[in-house]
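Asker: Structure below; questions to follow.
Residue numbers (the working numbering): 17 to 323.
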């Protein structure tokens, strides 16, 4: 059997300075308190050291850890040696015209800079390929692989975002789920809302939850798992993952909603999951794209992840 090779993108360490305004809830609190609250992945001693070295300050100047903040102060955080996590080097531009770009996004890879990722993000990688000023009209979770549509001008972006908001986009996903469903097909329609941090929830009776509908069809059955074709009628965050959990057959390696998932964790998800966006159609805009050999591409994702 041939070895499974996956190219990896690694960027050299680099300096970067982040700046952000102080929100009202941190007014009257100390600089150290703010940094610990907003960025808990660094502990007390790390933030004290950074502030003492002048790598964290207020309004362009070094400040004491006990410095009391005012609303609209600007805090800076300088990191002289940023080491980004590596990501799969598999971004592909699949189709382009004057209005839009269709791209294959591997997982794990975030859509845009944020947190620990800056240069290793989809929009930055596309900028390096010469595609600048792209407009994001929808998003894929960092842990999800598949098709992403970008607008190349404002009119198309506005039209596409309306289509997504009005559920006029037909999307097709494939997921490897735990267990073997009794039904060949089902539809789950429980609403979705954010629970906390990166975690969402879906069940009947939730206040302020948004309508969510997903149709599932078993594509292939295995002994203790199945590949399911997923057709979401709405586009809520984590919708497919939540609805598969509701069905009783969560994505097999989902770190939050899977069989061994941890919904109490506030940490970002770092590994790709067995979920692929393989089809995207917006009839109103004349956009239609089905990933070539989507079944075999999904099987390769599974082979790499579960070998």
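Here a beta-carbon is modelled for each residue, glycine too, at the ideal position from N, C-alpha and C.
Taking the runs of the beta strand (DSSP E) that are 3 residues or longer, which of them lie wholly in the segment 106 to 172?
Answerer: If we require 3 residues or more, the beta strand (DSSP E) runs fully inside the segment 106 to 172 come out as 108 to 112, 116 to 121, 161 to 167.
Asker: Return the chain-ordered list of same chain residues with a C-beta closer than 7 Å to the C-beta of residue 17, the five sequence neighbours on each side being excluded.
Answerer: With a pLDDT of 41 at residue 17, under the threshold of 50, the modelled position of this residue cannot be trusted, and the question is left open.
Asker: Over the uninterrupted alpha helix (DSSP H) stretch that includes residue 65, give me the two end residues.
Answerer: Counting along the chain, the alpha helix (DSSP H) containing residue 65 begins and ends at 60 to 68.
Asker: Relative to the C-alpha of residue 42, which residue among 33, 74, 50 is closest?
Answerer: The residue with the shortest Cα to Cα distance from residue 42 is 50.
Asker: The ligand GTP heavy atoms versus the CB of residue 245: any closer than 7 Å?
Answerer: In the structure shown, the ligand GTP is absent, as is every other ligand, since no ligand is present at all.
Asker: Which of helix, strand or coil does DSSP assign to residue 309?
Answerer: Correct three-state label for residue 309: coil.
Asker: Measure the CB-CB distance between residue 167 and residue 115 and report whether it falls below 8 Å.
Answerer: The answer is yes: Cβ separation under 8 Å.
Asker: Mind checking if residue 251 is an interface residue toward chain B, Cβ cutoff 8 Å exclusive?
Answerer: Structure shown: chain B not included; a single protein chain is present.
Asker: Is it the case that the Cβ atoms of residue 4 and residue 156 are separated by a distance below 8 Å?
Answerer: This structure does not reach residue 4, given that the chain is present from 17 up to 323, and the question cannot be answered.
Asker: Helix, strand or coil for residue 78? Go by DSSP, reduced to three states.
Answerer: In the structure shown, residue 78 sits in a strand (DSSP, three-state: E or B).
Asker: For the beta strand (DSSP E) that contains residue 209, what are its first and last residues?
Answerer: Unbroken beta strand (DSSP E) run through residue 209: 208 to 212.
Asker: Please classify residue 181 as buried or exposed, where buried requires at least 16 other C-beta atoms within 10 Å of its C-beta.
Answerer: So residue 181 ends up on the exposed side.
Asker: Hey, how far is the Cα of residue 39 from the Cα of residue 313?
Answerer: Cα to Cα, the separation comes out at about 45 Å.
Asker: What do you reckon, are the CB atoms on residue 93 and residue 47 nearer than 8 Å?
Answerer: Result no, Cβ atoms of residue 93 and residue 47 do not sit closer than 8 Å.
Asker: Span of the beta strand (DSSP E) holding residue 233?
Answerer: 230 to 237 is the extent of the beta strand (DSSP E) around residue 233.
Asker: In whole angstroms, what is the alpha-carbon distance linking residue 227 and residue 71?
Answerer: The alpha-carbon atoms of residue 227 and residue 71 are separated by roughly 45 Å.
Asker: Look at the alpha carbon of residue 135 and the alpha carbon of residue 125, and state the distance between them as a whole number of angstroms.
Answerer: Rounded to the nearest angstrom, the two C-alpha atoms are 11 Å apart.
Asker: Does the beta-carbon distance from residue 237 to residue 224 come in below 8 Å?
Answerer: The answer is no: Cβ separation not under 8 Å.
Asker: Please go through the segment 247 to 288 and give each complete alpha helix (DSSP H) segment of 4 or more residues, from N-terminal end onward.
Answerer: For the segment 247 to 288, whole alpha helix (DSSP H) runs of length 4 or above, ordered along the chain, are 255 to 263.
Asker: Could you spell out the range, first to last residue, of the alpha helix (DSSP H) harbouring residue 87?
Answerer: Note, residue 87: premise wrong, no alpha helix (DSSP H); not H, not E.
Asker: Just mark residue 57 as buried or exposed, buried being the case when its beta carbon has 16 or more other beta carbons within 10 Å.
Answerer: Looking at its Cβ environment, which holds fewer than 16 other Cβ atoms inside 10 Å, residue 57 is exposed.
Asker: Can you tell me whether DSSP reads residue 301 as helix, strand or coil?
Answerer: In the structure shown, residue 301 sits in a helix (DSSP, three-state: H, G or I).
Asker: Work out the CA separation of residue 131 and residue 120 for me, nearest whole Å.
Answerer: Taking the straight line from one Cα to the other gives about 22 Å.
Asker: Would you call the segment 294 to 302 and the segment 171 to 190 touching, i.e. three or more CB-CB distances under 8 Å?
Answerer: Flag = yes, the segment 294 to 302 and the segment 171 to 190 touch.
Asker: Can you have a look at residue 266 and say buried or exposed, based on whether 16 or more other CB atoms are within 10 angstroms of its CB?
Answerer: The residue is buried, with at least 16 neighbouring Cβ atoms inside 10 Å.
Asker: Between the segment 26 to 35 and the segment 97 to 105, are three or more C-beta pairs nearer than 8 Å?
Answerer: Short answer: they touch.
Asker: Determine which residues share a DSSP beta bridge with residue 47 and list them.
Answerer: According to DSSP, residue 47 bridges with nothing at all.
Asker: Could you compute how far the alpha carbon of residue 153 sits from the alpha carbon of residue 122?
Answerer: If I take the Cα positions, the gap works out to 18 Å.
Asker: According to DSSP, which residues form a beta bridge with residue 94?
Answerer: For residue 94, which the question treats as bridged, DSSP gives the partners 33.
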